[in-house]
Amino acid sequence: MKPIRLVACLTLAFHVSCAIGPNYKKPVVEVPEVYRGSLDSREAKSLADLAWWEIFQDPVLVELIETALNNNLNLEMAVARTEQAYRLSVATNSAFYPQVGYQGSAGKARSQNYNSPGSGVKYTSYMGAFNVAWEVDIWGRIRRSSESAKAQLLAAEEFQRGVLLSVVSNVATLYFALLELDRAHAIGVQAIEAFDETLTLFTRKYEGGIASRLEVTRAAAAEAQASAWLPEIEIEIAKVENTLSVLLGRPPGAIPRGVALMHQELPSLPAGLPSALLERRPDIRQAEEQVVSANAEVGVAMGNFLPRIGLVSMWGGSSQDLSILASGGTTSIWSIAGELSGPLFQGGFLYAQYKNQQALWEEAKANYELTALNAFSEVSTAITDRRLRKDQRAAREREVKQLTESVNLSLIRYNQGLANYFEVLQAQQELFPAEFDLSEARLEERLAVIRLYLALGGGWQLGLNWLPEAEEPKEDPAPPSEPKGAEGNPPADDPGTDSKKDEASASQPS
238 MKPIRLVACL TLAFHVSCAI GPNYKKPVVE VPEVYRGSLD SREAKSLADL AWWEIFQDPV
298 LVELIETALN NNLNLEMAVA RTEQAYRLSV ATNSAFYPQV GYQGSAGKAR SQNYNSPGSG
358 VKYTSYMGAF NVAWEVDIWG RIRRSSESAK AQLLAAEEFQ RGVLLSVVSN VATLYFALLE
418 LDRAHAIGVQ AIEAFDETLT LFTRKYEGGI ASRLEVTRAA AAEAQASAWL PEIEIEIAKV
478 ENTLSVLLGR PPGAIPRGVA LMHQELPSLP AGLPSALLER RPDIRQAEEQ VVSANAEVGV
538 AMGNFLPRIG LVSMWGGSSQ DLSILASGGT TSIWSIAGEL SGPLFQGGFL YAQYKNQQAL
598 WEEAKANYEL TALNAFSEVS TAITDRRLRK DQRAAREREV KQLTESVNLS LIRYNQGLAN
658 YFEVLQAQQE LFPAEFDLSE ARLEERLAVI RLYLALGGGW QLGLNWLPEA EEPKEDPAPP
718 SEPKGAEGNP PADDPGTDSK KDEASASQPS
């Protein structure tokens with residue numbers, strides 16, 4: 238009964254004792270009441286509450302993101318990292334349970350009396366036994382190790398969620414950049430055509446003796462300059478497509494396009510409460526779990542100073558005949574004992590280890606606070622960015638509209654002999670760079686939403702399941718929508734850019 242009482246006492250002590258070391262307290266971070274630059278920061282609803290497929294409405298982009306989430310290699314490494322942390326946590330928790338093993342031996346010996354030849358005796362022995370060892374976690378050292386391993390697992394999961402969010406935002410960013418480059422390429426083609434028509438006009442007048450050779454050469458130089466833009470744009474298109482292909486986990490190749498950039502509609506929800514950012518951004522949550530782990534490791538280091546108490550036991554049998562041992566007819570061997578072991582002097586090793594863990598804990602706390610401050614800064618910058626990009630795009634549209642009218646008027650005045658060639662070329666040379674700037678402004682306006690979604694830790698409610706659930710097919714499909722253009726884009730209706738092409742082409746001379 239005594240061993241049973243010993244086990245009962247140790248088990249009771251294990252359950253009622255407190256784990257050694259400091260209990261975790263969340264580091265205090267100064268949280269602003271409102272985001273800088275936000276007009277509605279007190280609104281609890283946030284852009285971050287939306288799933289990514291609710292942000293992007295382009296079916297081609299949605300398909301590309303799904304492909305990246307299935308094939309991206311950075312994400313695959315993050316998943317493997319989470320699996321490593323999970324297995325390490327399981328391995329750490331195994332210390333709570335008794336460790337059971339087995340052992341066996343077989344031997345043969347002979348004793349010989351040299352004074353009496355032939356009187357030697359042969360000995361044969363076989364032994365088999367099970368052994369059990371269990372460390373009773375009196376001081377909570379194992380519990381602190383388990384707490385640390387669990388925190389590392391949660392940190393790995395937050396890292397994986399951060400990679401998921403990064404993959405979504407990077408694919409969308411590169412896709413929109415690709416659409417903007419397509420638009421820039423189209424503007425370049427328009428510029429070449431417009432300068433070519435101007436060159437034809439100046440050449441005709443030169444051949445008729447009305448214009449000078451200088452006008453022809455200046456128009457030819459403007460056409461050549463416009464032609465030099467296209468190769469640079471095509472190089473950038475190939476570069477972006479190749480980078481996007483890597484994110485999709487496949488060799489470099491062409492990327493399909495969907496809705497044109499100017500028709501990409503993104504939601505305009507507020508940023509939400511600043512206090513919620515601490516619970517939403519994966520990098521902040523990861524940093525906090527690192528603090529939890531470092532705090533627990535301090536307890537583990539403190540527990541290393543204290544003795545370890547455990548139970549060891551063995552049960553088995555021995556015999557001089559292997560068949561008798563297998564059948565159970567053996568001499569029984571058993572033992573059970575308590576075990577106590579601990580350090581006395583290790584040259585300062587344990588103390589240095591303890592102070593090292595304290596320093597790691599201080600580092601983890603500082604990193605958490607810094608991560609939170611950087612997050613508030615990034616959100617505030619993204620809010621201002623999104624708010625002002627709209628104004629910038631509107632100003633670019635007004636600029637393009639006025640320069641388009643300027644080109645039309647200059648051509649009319651030139652044909653009527655009221656303006657010289659320089660006025661026409663100058664108007665055209667100001668128009669097409671402005672169109673490039675407008676296209677880039679449209680891109681930045683949409684990228685500002687993506688940057689804000691990323692800064693807010695968007696999709697935080699999805700956990701680690703970032704693929705949309707498949708929808709059941711409808712019995713009565715909706716009728717087809719309006720016919721789309723050659724590239725599958727809706728008809729252009731942008732008054733700032735596309736409508737001016739018709740006006741410009743109508744006024745160009747034949």
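Going by the numbering used here, the residue at position 379 of the sequence shown is 616; the numbering climbs one at a time, nothing skipped.
Backbone N, C-alpha and C fix where the C-beta goes; we use that ideal spot for every residue, glycine too.
It should be emphasised that the depicted structure is a prediction, and the values quoted were computed from it without experimental measurement.
Assigned secondary structure, tyrosine 658 (DSSP; H/G/I helix, E/B strand, else coil): For this step, residue 658 is matched to residue 421 along the sequence shown. Here tyrosine 658 sits in helix by DSSP.
The segment 688-696 contacting the segment 510-520, beta-carbon criterion three pairs below 8 Å: Taking 8 Å as the limit for Cβ pairs, the verdict is that the segment 510-520 does touch the segment 688-696.
When Ser572, Ile546, Trp571 are compared against serine 578, the one with the closest alpha-carbon: Position 341 of the sequence shown, counted from the first residue, corresponds to residue 578. When only C-alpha atoms are compared, the closest one is Ile546.
Endpoints, alpha helix (DSSP H) assigned at isoleucine 257: In the sequence shown, residue 257 corresponds to position 20, counting from 1. Isoleucine 257 -> no alpha helix (DSSP H), and no H or E assigned at all.
For valine 686, the nearest candidate out of Asn309, Arg626, Ala656, Ala632 (CA to CA): The residue you call residue 686 lines up with position 449 of the sequence shown. Of the candidates Asn309, Arg626, Ala656, Ala632, the one whose C-alpha sits nearest the C-alpha of valine 686 is Arg626.
Proximity below 9 Å, CB of cysteine 255 to CB of glycine 341: Numbered from its first residue, the sequence shown carries residue 255 at position 18. Numbered from its first residue, the sequence shown carries residue 341 at position 104. With respect to glycine 341, cysteine 255 sits apart: the two C-beta atoms are not nearer than 9 Å.
Range covered by the alpha helix (DSSP H) that runs through methionine 539: The residue given as residue 539 occupies position 302 in the sequence shown. Counting along the chain, the unbroken alpha helix (DSSP H) around methionine 539 starts and ends at 519-540.
Per-residue DSSP class, three states only, for lysine 293: Residue numbering aside, residue 293 sits at position 56 when the sequence shown is read from its first letter. In the sequence on display, residue 293 carries phenylalanine and not lysine. Coil at phenylalanine 293, not helix or strand.
Three-state class that DSSP yields for leucine 402 in the structure shown: Taking the sequence shown and counting its residues from 1, the one referred to as residue 402 is at position 165. In the three-state DSSP reduction, leucine 402 falls in the helix class (H, G or I).
Collapsed DSSP secondary structure at valine 266 in the structure displayed: On the sequence shown, position 29 is the one that residue 266 refers to. Of the three classes helix, strand and coil, the one that applies to valine 266 here is coil, per DSSP.
Extent of the continuous beta strand (DSSP E) run through leucine 548: In the sequence shown, residue 548 corresponds to position 311, counting from 1. Leucine 548: member of the beta strand (DSSP E) spanning 545-556, first to last residue.
Beta-carbon separation (whole angstroms), valine 405 vs isoleucine 521, contact threshold 8 Å: The count along the sequence shown starts at 1 and reaches residue 405 at position 168. The count along the sequence shown starts at 1 and reaches residue 521 at position 284. The pair is not a contact, with the Cβ atoms about 18 Å apart (cut-off 8 Å).
Contact check, glutamate 478 vs leucine 390, beta carbons under 9 Å: As a working mapping, residue 478 is identified with position 241 in the sequence shown. As a working mapping, residue 390 is identified with position 153 in the sequence shown. No, these two residues do not count as a Cβ contact at 9 Å.
Supposed contact pair phenylalanine 293 and leucine 684 - C-beta distance, whole angstroms, cut 8 Å: The count along the sequence shown starts at 1 and reaches residue 684 at position 447. The count along the sequence shown starts at 1 and reaches residue 293 at position 56. That belief does not hold up - the Cβ atoms of leucine 684 and phenylalanine 293 are roughly 13 Å apart, past 8 Å.
Span of the alpha helix (DSSP H), counted from its first residue to its last, around glutamate 706: Position 469 of the sequence shown holds residue 706. Membership of glutamate 706 in any alpha helix (DSSP H) is not indicated, and neither H nor E is assigned to it by DSSP.
Glutamate 395 and glutamate 606 closer than 9 Å at C-beta: Against the sequence shown, residue 395 aligns to sequence position 158. Against the sequence shown, residue 606 aligns to sequence position 369. Against a cut-off of 9 Å, the Cβ pair of glutamate 606 and glutamate 395 comes out as no contact.
Residues near isoleucine 474 in its chain [Cβ-Cβ closer than 8 Å; skip 5 each side]: Counted from its first residue, the sequence shown places residue 474 at position 237. For isoleucine 474, same chain residues with a beta-carbon under 8 Å away, outside a window of 5 residues either side, are Leu415, Leu418, Asp419, His422 in chain order.
For lysine 345, the three-state DSSP class (helix, strand or coil): Position 108 of the sequence shown, counting from 1, holds the residue named residue 345. In this structure, lysine 345 counts as strand in the three-state DSSP scheme.
Whole-Å CB distance - methionine 551 paired with tyrosine 591, under 8 Å assumed: If you number the sequence shown from 1, residue 551 lands on position 314. If you number the sequence shown from 1, residue 591 lands on position 354. Approximately 35 Å separates the beta-carbon atoms of methionine 551 and tyrosine 591; this is outside 8 Å, ruling out the contact.
Bounding residues of the alpha helix (DSSP H) (the contiguous stretch that carries glutamine 583): Indexing the sequence shown from 1 puts residue 583 at position 346. Careful: glutamine 583 lies outside any alpha helix (DSSP H) and carries neither H nor E.
Residue span of the alpha helix (DSSP H) that contains isoleucine 474, given as start and end: Residue 474 sits at position 237 when you count from the first residue of the sequence shown. DSSP places isoleucine 474 inside the alpha helix (DSSP H), whose first and last residues are 450-484.
Inter-stretch contact (C-beta, 8 Å, three-pair minimum) for the segment 437-451 and the segment 488-501: Touching, no.
Neighbourhood of leucine 401 by C-beta distance below 6 Å, restricted to the same chain and skipping five residues each side: The residue given as residue 401 occupies position 164 in the sequence shown. Hits under 6 Å: Trp703.
When Ile257, Gly258, Lys262 are compared against lysine 602, the one with the closest alpha-carbon: Within the sequence shown, the letter at position 365 stands for residue 602. It is Lys262 whose Cα lies nearest to the Cα of lysine 602.
Rounded straight-line distance, which links the Cα of glutamate 430 to that of alanine 461: Your numbering for residue 461 matches position 224 in the sequence shown. Your numbering for residue 430 matches position 193 in the sequence shown. When rounded, the separation of the alpha-carbon atoms in alanine 461 and glutamate 430 is 11 Å.
Reduced DSSP secondary structure (H/G/I, E/B, other) of asparagine 368: Within the sequence shown, residue 368 is the residue found at index 131, counting from 1. DSSP places asparagine 368 in the strand class (E or B) of the three-state scheme.
Burial state of arginine 324 (16 or more Cβ within 10 Å): In the sequence shown, the residue the question calls residue 324 occupies position 87. Residue burial annotation: arginine 324 is exposed, with fewer than 16 other C-beta atoms found within 10 angstroms of its C-beta.
In DSSP terms, what alanine 497 is bridged to: Residue numbering aside, residue 497 sits at position 260 when the sequence shown is read from its first letter. Partner(s): none; alanine 497 has no beta bridge.
Within 9 Å, strictly: CB atoms of alanine 285 and glycine 509: For the purposes of this step, residue 285 is identified with residue 48 of the sequence shown, where counting begins at 1. For the purposes of this step, residue 509 is identified with residue 272 of the sequence shown, where counting begins at 1. Their beta carbons are under 9 Å apart, which means alanine 285 touches glycine 509 by this criterion.
Proline 259 versus methionine 499 - alpha carbon distance: Walking along the sequence shown from the start, residue 259 turns up at place 22. Walking along the sequence shown from the start, residue 499 turns up at place 262. Looking at the two C-alpha atoms, the distance is approximately 56 Å.
Reduced DSSP secondary structure (H/G/I, E/B, other) of tyrosine 748: Absent from the structure is residue 748, since the part of the chain shown begins at 238 and ends at 747.
Backbone CA spacing between alanine 459 and tyrosine 272 [nearest angstrom]: By one-based count along the sequence shown, residue 459 stands at place 222. By one-based count along the sequence shown, residue 272 stands at place 35. Rounded to the nearest angstrom, the two C-alpha atoms are 48 Å apart.
Cut-off 7 Å between Cβ atoms - residues of its own chain near serine 464, not counting five sequence neighbours on either side: As a position in the sequence shown, residue 464 is number 227, starting the count at 1. Around serine 464, the same chain offers Ile429 as residues with beta carbons nearer than 7 Å, after the five sequence neighbours per side are excluded.
Beta-carbon spacing of valine 549, serine 572 below 9 Å: If you number the sequence shown from 1, residue 549 lands on position 312. If you number the sequence shown from 1, residue 572 lands on position 335. Valine 549 is a Cβ neighbour of serine 572, given a cutoff of 9 Å.
Where glutamate 576 sits in the DSSP three-state scheme: In the sequence shown, the residue the question calls residue 576 occupies position 339. Three-state result, glutamate 576: strand.
Limits of the alpha helix (DSSP H) - the one that glutamate 313 falls within: Along the sequence shown, read from residue 1 onward, the residue named residue 313 stands at position 76. For glutamate 313, the uninterrupted alpha helix (DSSP H) segment begins and ends at 310-330.
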